[in-house]
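Visitor: According to the UniProt record's numbering, the sequence shown holds residues 1 to 699 in order.
Supplied in structure tokens, the structure appears directly below.
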Amino acid sequence: MSSTTVLTDAQRLVADRVITSLAGPDAALRADQETAVATLSTPGSRALVVQATGWGKSAVYWAATAVIRAAGGGPTLIVSPLLSLMRDQVAAAGRAGLAAATVNSANIDEWAAVEGDLLSGRLDVLLVSPERLANPGFGARVLSALAGKLGLVVIDEAHAISDWGHDFRPDYRRVSDVLQNLNPQTSVLATTATANERVTDDVAAQLGEATLVLRGPLARKSLHLNVVDGLSPIQRYGWVTQEMPFLPGSGIVYVLTVADADRLVTAIRSVWGDEYPVAAYTGQLPANERHGLEDALLSNKVKALVATSALGMGFDKPDLGFVVHVGAPPSPVSYYQQVGRAGRALDEAVVVLLASALDDAIWEHFATATIPDPKRMSRLLDAMNDAGGPLSVISLESETGIRRGKVELMLKQLAVDGVVERTAEGWLATGKPWTYDAAHYGGVLEVRRREADIMRAFVRGEKCLMRLLTESLDDPAAADCGRCSVCRGELTPGLNARPNVETVATISAVLRTDAQAYAPRKMWPPKGTFSRGGRISAELAAEPGRVLAFADAPQWGDVLTGAKRGDTAARERLAESAVAVLGDWGRRGGMRPDSIVSLDLQGGTIAADLAERLRTVGRRPGSQFGVVPGPIPGREATSGVEATYWSDHLGPTPSDVAGRSVLLVVDETTTGWAVTLAAAALRDVGASAVLPLVIHQTV
Numbered sequence: 001m002s003s004t005t006v007l008t009d010a011q012r013l014v015a016d017r018v019i020t021s022l023a024g025p026d027a028a029l030r031a032d033q034e035t036a037v038a039t040l041s042t043p044g045s046r047a048l049v050v051q052a053t054g055w056g057k058s059a060v061y062w063a064a065t066a067v068i069r070a071a072g073g074g075p076t077l078i079v080s081p082l083l084s085l086m087r088d089q090v091a092a093a094g095r096a097g098l099a100a101a102t103v104n105s106a107n108i109d110e111w112a113a114v115e116g117d118l119l120s121g122r123l124d125v126l127l128v129s130p131e132r133l134a135n136p137g138f139g140a141r142v143l144s145a146l147a148g149k150l151g152l153v154v155i156d157e158a159h160a161i162s163d164w165g166h167d168f169r170p171d172y173r174r175v176s177d178v179l180q181n182l183n184p185q186t187s188v189l190a191t192t193a194t195a196n197e198r199v200t201d202d203v204a205a206q207l208g209e210a211t212l213v214l215r216g217p218l219a220r221k222s223l224h225l226n227v228v229d230g231l232s233p234i235q236r237y238g239w240v241t242q243e244m245p246f247l248p249g250s251g252i253v254y255v256l257t258v259a260d261a262d263r264l265v266t267a268i269r270s271v272w273g274d275e276y277p278v279a280a281y282t283g284q285l286p287a288n289e290r291h292g293l294e295d296a297l298l299s300n301k302v303k304a305l306v307a308t309s310a311l312g313m314g315f316d317k318p319d320l321g322f323v324v325h326v327g328a329p330p331s332p333v334s335y336y337q338q339v340g341r342a343g344r345a346l347d348e349a350v351v352v353l354l355a356s357a358l359d360d361a362i363w364e365h366f367a368t369a370t371i372p373d374p375k376r377m378s379r380l381l382d383a384m385n386d387a388g389g390p391l392s393v394i395s396l397e398s399e400t401g402i403r404r405g406k407v408e409l410m411l412k413q414l415a416v417d418g419v420v421e422r423t424a425e426g427w428l429a430t431g432k433p434w435t436y437d438a439a440h441y442g443g444v445l446e447v448r449r450r451e452a453d454i455m456r457a458f459v460r461g462e463k464c465l466m467r468l469l470t471e472s473l474d475d476p477a478a479a480d481c482g483r484c485s486v487c488r489g490e491l492t493p494g495l496n497a498r499p500n501v502e503t504v505a506t507i508s509a510v511l512r513t514d515a516q517a518y519a520p521r522k523m524w525p526p527k528g529t530f531s532r533g534g535r536i537s538a539e540l541a542a543e544p545g546r547v548l549a550f551a552d553a554p555q556w557g558d559v560l561t562g563a564k565r566g567d568t569a570a571r572e573r574l575a576e577s578a579v580a581v582l583g584d585w586g587r588r589g590g591m592r593p594d595s596i597v598s599l600d601l602q603g604g605t606i607a608a609d610l611a612e613r614l615r616t617v618g619r620r621p622g623s624q625f626g627v628v629p630g631p632i633p634g635r636e637a638t639s640g641v642e643a644t645y646w647s648d649h650l651g652p653t654p655s656d657v658a659g660r661s662v663l664l665v666v667d668e669t670t671t672g673w674a675v676t677l678a679a680a681a682l683r684d685v686g687a688s689a690v691l692p693l694v695i696h697q698t699v
């Protein structure tokens with residue numbers, strides 16, 4: 001195919017109108033931006049743009065869309081990973097004079113109108129998620145109708161289509177299906193800020209041999225990178241809490257889990273007041289709440305959002321003053337992508353990584369989580385082939401003994417290879433064989449572990465922090481920045497290396513009384529995998545309960561470890577927190593138990609000891625729930641296997657609970673099946689209600 005790197009005068013007028021609408025009357029296309037737009041204006045061209053965050057990659061596809069549409073070409077399809085990114089892009093397209101819309105899970109009521117506008121030609125741009133591409137109904141209805149009519153396809157955050165990339169998503173490989181069915185005259189643009197040479201080569205190969213690759217320097221001169229190492233998990237919370245008011249402007253504090261986001265917001269407010277302007281942002285929030293929080297940060301109505309990676313790609317606040325990470329991402333590439341949110345339109349922005357020895361285990365999890373297990377894949381495919389028809393995910397869990405979340409991931413991976421397909425009735429094997437590419441996946445795992453080694457070097461400060469990040473992206477312009485904590489030999493002025501003891505003590509005490517809700521199970525395991533099935537009846541179900549320590553809650557680290565060892569002082573602190581939690585629970589409308597029953601699932605006495613202390617304080621009777629010894633099912637056991645185990649191994653059931661509401665004190669659970677079966681057993685012998693109090697819920 002042929003392409004040009006120079007715009008015609010007519011094309012330049014169109015492109016300039018877009019750029020000035022987006023960036024002001026004096027704005028103009030950069031040289032590489034013009035090269036990309038000119039290339040894409042030639043039908044059938046392919047381009048991959050790898051440039052730093054804030055460079056203006058979106059300006060390329062808005063200008064190219066306008067030029068193509070002005071010449072009578074078809075609309076643009078943008079494959080975009082996040083709802084927040086789509087919302088911003090629809091607004092940006094409008095400023096550029098383009099009619100844009102999105103089809104996603106948050107606007108179902110608008111789908112029909114959007115699709116009608118697209119097929120009638122009234123829409124210039126349609127934004128979809130990779131998951132939407134994987135939907136068979138959408139593919140049949142919309143993509144088939146657009147076959148041969150698209151002017152441009154844009155793959156945003158294109159590193160996600162490569163399993164060599166730091167953020168590989170199986171659904172993103174559906175883009176390849178779209179590309180194969182394109183009219184040869186449709187141009188394709190892929191953009192990313194986070195692709196090293198290997199990922200760049202992989203993405204370019206997927207686009208086609210004649211792909212133009214435009215790659216620029218990736219260092220960000222405004223960023224002052226810092227590492228604070230050697231803090232315990234609760235000290236990291238203390239550092240963020242202590243330093244928050246003194247960080248410049250408004251910003252983002254990245255955490256690894258939803259629970260961390262909620263806990264850290266509570267910690268900050270415990271010191272600076274209940275109205276202090278911080279909020280938790282996670283993927284579990286409804287779309288309208290996420291949008292409201294994004295707007296609050298954009299308008300500086302909050303000091304910070306404490307966020308999971310759900311607030312990442314595509315969030316654009318040019319004056320974001322700081323980014324802090326409580327725990328390091330598993331890849332220098334993903335870290336670069338997240339810190340790139342800061343300082344786009346500022347001369348200086350502060351970036352801080354609060355590292356921890358615990359990060360190693362998290363990195364290893366992410367390194368291996370998406371590597372397929374050939375034995376499990378064979379088991380899944382055997383079940384599908386034996387069925388002779390479509391099966392649901394629930395049915396496949398039942399047939400294979402593989403947990404549901406893992407089944408869903410495996411199906412996505414197999415669908416990428418065309419081995420299975422999703423129909424309206426369920427998942428179906430296509431008959432295409434699947435083979436485990438050991439060399440390929442071994443290479444992927446090696447790359448991910450090498451990236452974890454780079455993060456270890458980053459934490460140790462082996463060289464300039466910006467150089468380490470840009471070298472990991474194979475940037476030939478990588479150089480010492482002169483601004484980071486390694487180059488300066490100290491943290492950015494104004495930052496402290498350690499939180500004070502009083503701050504840590506304050507937030508620890510508050511967080512240990514801030515229990516999480518425990519949601520009882522509502523359904524028995526899938527039919528055929530357990531002796532009972534369907535919905536758990538109200539006569540057998542547990543009530544909503546409380547969890548003292550959820551997952552690796554930092555405020556509980558030393559206390560929980562000591563209490564499990566039998567340390568008297570630690571168990572006393574555990575009891576004090578439990579009394580406070582129960583008091584707050586009662587004030588919020590919780591039932592007051594008539595009896596307290598303990599259940600030690602892990603073979604110790606921590607639940608029995610706590611229950612005895614609570615009986616003394618509350619002057620309540622009670623007893624212990626028996627457990628028959630046996631090898632407890634591992635984490636990979638299905639719901640049916642685990643529920644059957646606890647059905648067989650709980651007992652004898654306390655008999656003195658008839659007509660009483662029971663506080664069930666449990667030492668530790670992950671899935672809650674033991675709690676579910678114990679509650680049902682207590683209700684069977686006459687308990688009027690069962691309220692779980694779980695000391696430690698693991699994940």
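Even glycine gets a Cβ: it sits at the ideal position worked out from N, Cα and C.
1. At 3 residues or longer, what runs of the beta strand (DSSP E) sit wholly inside the stretch 408-475?
2. Helix or strand or just coil, what does DSSP make of Arg619?
3. Helix, strand or coil, according to DSSP, for Glu668 in the structure here?
4. Where do the N-terminal and C-terminal ends of the alpha helix (DSSP H) with Asp684 fall, by residue?
5. Determine the contact status of Gly54 and Gly340, defining contact as a CB-CB distance below 9 Å.
6. May I ask you to report which of helix, strand or coil DSSP gives Phe138?
7. Quick one: give me the first and last residue of the beta strand (DSSP E) that Tyr254 is part of.
8. Does the structure place the stretch 385-392 close enough to the stretch 347-361 that three or more beta carbon pairs sit under 8 Å?
9. Considering only residues of the same chain and omitting the five flanking positions on each side of Leu548, which have a CB-CB separation below 8 Å?
10. If you compare alpha carbons, which of Ser623, His291, Val666, Gly603 is closest to Gly630?
11. For Gly545, name the three-state secondary structure that DSSP assigns.
12. Under three-state DSSP, which class holds Ala687?
13. Cβ atoms of Val690 and Val662: under 9 Å apart, would you say?
14. Indicate the three-state DSSP secondary structure (helix, strand or coil) for Ala10 in the structure shown.
15. Check whether the stretch 227-246 and the stretch 203-217 touch, using three or more Cβ-Cβ pairs below 8 Å as the test.
16. What are the boundary residues of the alpha helix (DSSP H) that includes Ile507?
17. Please name the residue in Asp319, Pro372, Leu311 whose C-alpha comes closest to that of Asp347.
18. Three-state secondary structure (DSSP) at Leu495?
19. Since Arg615 and Pro621 should fall inside the 8 Å C-beta cutoff, what is the C-beta to C-beta distance between them, to a whole number of angstroms?
20. Please classify Met591: does DSSP put it in a helix, a strand, or coil?
21. Quick check: the Cα distance between Val188 and Leu143, rounded to an integer number of angstroms?
22. Just checking, does the stretch 86-98 make contact with the stretch 20-36 on the three C-beta pairs under 8 Å criterion?
23. How is residue 700 classed by DSSP in three states: helix, strand or coil?
24. Check whether the Cβ atoms of Leu207 and Ile252 lie closer than 9 Å to each other.
25. Trp62 to Pro476, Cα distance in whole Å?
26. What residues in its chain sit with their C-beta under 8 Å from that of Gly121, if we drop five residues either side in the sequence?
27. Give, in chain order, every unbroken run of the alpha helix (DSSP H) that is at least 4 residues long and sits entirely within the stretch 303-386.
28. Just the C-alpha distance for Leu182 and Leu414, rounded to the nearest angstrom, thanks.
29. How long is the line joining the alpha carbons of Arg422 and Leu428, rounded to whole angstroms?
30. Thinking just about the alpha-carbon of each residue, which of Ala611, Gly482, Pro593 is nearest to the one in Arg220?
31. Per the DSSP calculation, Asn226 is bridged to which residue(s)?
32. On the three-state DSSP scale, how would you describe Tyr61?
33. Grab me the residues of Trp585's own chain with a C-beta within less than 7 Å of its C-beta, minus the 5 sequence neighbours each way, in chain order.
34. For Ser378, count the other beta carbons within 10 Å of its own beta carbon; 16 or more makes it buried, fewer makes it exposed. Which is it?
35. On the three-pair Cβ rule with 8 Å, is the stretch 39-53 touching the stretch 189-197?
Guide: Taking the structure as given:
1. You should have 420-423, 426-429.
2. In the sequence shown, the residue the question calls residue 619 occupies position 619. If DSSP states are grouped into helix, strand and coil, Arg619 belongs with coil.
3. Here the question's residue 668 lines up with position 668 in the sequence shown. The answer is strand: DSSP assigns Glu668 an E or B state.
4. Here residue 684 refers to the residue found at position 684 when the sequence shown is read from its first residue. From DSSP, the alpha helix (DSSP H) with Asp684 extends over 673-684.
5. The residue you call residue 54 lines up with position 54 of the sequence shown. The residue you call residue 340 lines up with position 340 of the sequence shown. In this structure, Gly340 lies closer than 9 Å to Gly54 by Cβ.
6. Counting from one through the sequence shown, the residue named residue 138 turns up at place 138. Residue state, collapsed to three classes: helix.
7. By 1-based counting over the sequence shown, the position of residue 254 is 254. Annotation: the continuous beta strand (DSSP E) that includes Tyr254 extends over 251-254.
8. With the cut-off at 8 Å, the stretch 347-361 and the stretch 385-392 do not touch.
9. Here residue 548 is taken as the residue at index 548 of the sequence shown, counted from 1. Result list for Leu548: Arg512, Ala515, Trp556, Leu574, Ser577, Ala578, Val581, Leu693, Val694, Ile695, His696, in chain order.
10. Against the sequence shown, residue 630 aligns to sequence position 630. Comparing Cα positions, the closest option is Gly603.
11. For the purposes of this step, residue 545 is identified with residue 545 of the sequence shown, where counting begins at 1. Strand, per DSSP.
12. On the sequence shown, residue 687 is found 687 positions in, with the first residue counted as 1. Residue state, collapsed to three classes: coil.
13. Your numbering for residue 662 matches position 662 in the sequence shown. Your numbering for residue 690 matches position 690 in the sequence shown. It is a contact, given that the beta carbons lie within the stated cut-off.
14. The residue given as residue 10 occupies position 10 in the sequence shown. Three-state result, Ala10: helix.
15. The stretch 227-246 is not in contact with the stretch 203-217.
16. Numbered from its first residue, the sequence shown carries residue 507 at position 507. Segment 501-511, the alpha helix (DSSP H) holding Ile507.
17. By 1-based counting over the sequence shown, the position of residue 347 is 347. Taking only the C-alpha atoms, the option nearest Asp347 is Asp319.
18. Within the sequence shown, numbered from 1, the residue matching residue 495 stands at position 495. Residue state, collapsed to three classes: coil.
19. As a working note, residue 615 is residue 615 in the sequence shown. As a working note, residue 621 is residue 621 in the sequence shown. Right, the Cβ-Cβ distance comes to about 7 Å (below 8 Å), so this counts as a contact.
20. What you label residue 591 is simply residue 591 of the sequence shown in a count that begins at 1. Assignment of Met591 by DSSP, reduced to helix, strand and coil, places it in the coil class.
21. Along the sequence shown, one-based indexing puts residue 188 at 188. Along the sequence shown, one-based indexing puts residue 143 at 143. Looking at the two C-alpha atoms, the distance is approximately 16 Å.
22. Result yes; three or more Cβ-Cβ pairs closer than 8 Å.
23. This structure cannot speak to residue 700, because the chain is shown only from 1 to 699.
24. Position 207 of the sequence shown, counting from 1, holds the residue named residue 207. Position 252 of the sequence shown, counting from 1, holds the residue named residue 252. Leu207 places its beta carbon 9 Å or farther from that of Ile252.
25. Mapped onto the sequence shown, residue 62 falls at position 62. Mapped onto the sequence shown, residue 476 falls at position 476. Near 29 Å, if we compare the C-alpha coordinates of Pro476 and Trp62.
26. As a working mapping, residue 121 is identified with position 121 in the sequence shown. Only residues of its own chain outside the window of five on either side were considered, and among them Pro75 have a CB closer than 8 Å to the CB of Gly121, listed in chain order.
27. Segments of the alpha helix (DSSP H) lying fully in the stretch 303-386: 332-339, 359-368.
28. The residue you call residue 182 lines up with position 182 of the sequence shown. The residue you call residue 414 lines up with position 414 of the sequence shown. Leu182 and Leu414: Cα-Cα distance of roughly 23 Å.
29. Within the sequence shown, the letter at position 422 stands for residue 422. Within the sequence shown, the letter at position 428 stands for residue 428. Arg422 and Leu428: Cα-Cα distance of roughly 6 Å.
30. Taking the first residue of the sequence shown as 1, we reach residue 220 at position 220. Per the C-alpha coordinates, the member of Ala611, Gly482, Pro593 positioned closest to Arg220 is Gly482.
31. Stepping through the sequence shown from its first residue, residue 226 is reached at position 226. Partner(s): Val352.
32. Here the question's residue 61 lines up with position 61 in the sequence shown. The DSSP-derived three-state label of Tyr61 is helix.
33. Counted from its first residue, the sequence shown places residue 585 at position 585. The answer, listed in chain order, is Arg546.
34. Position 378 of the sequence shown, counted from the start, is the residue given in the question as residue 378. Residue environment for Ser378: exposed (fewer than 16 other C-beta atoms within 10 angstroms of its C-beta).
35. As far as the Cβ criterion goes, the stretch 39-53 touches the stretch 189-197, which means the pair count is three or higher.
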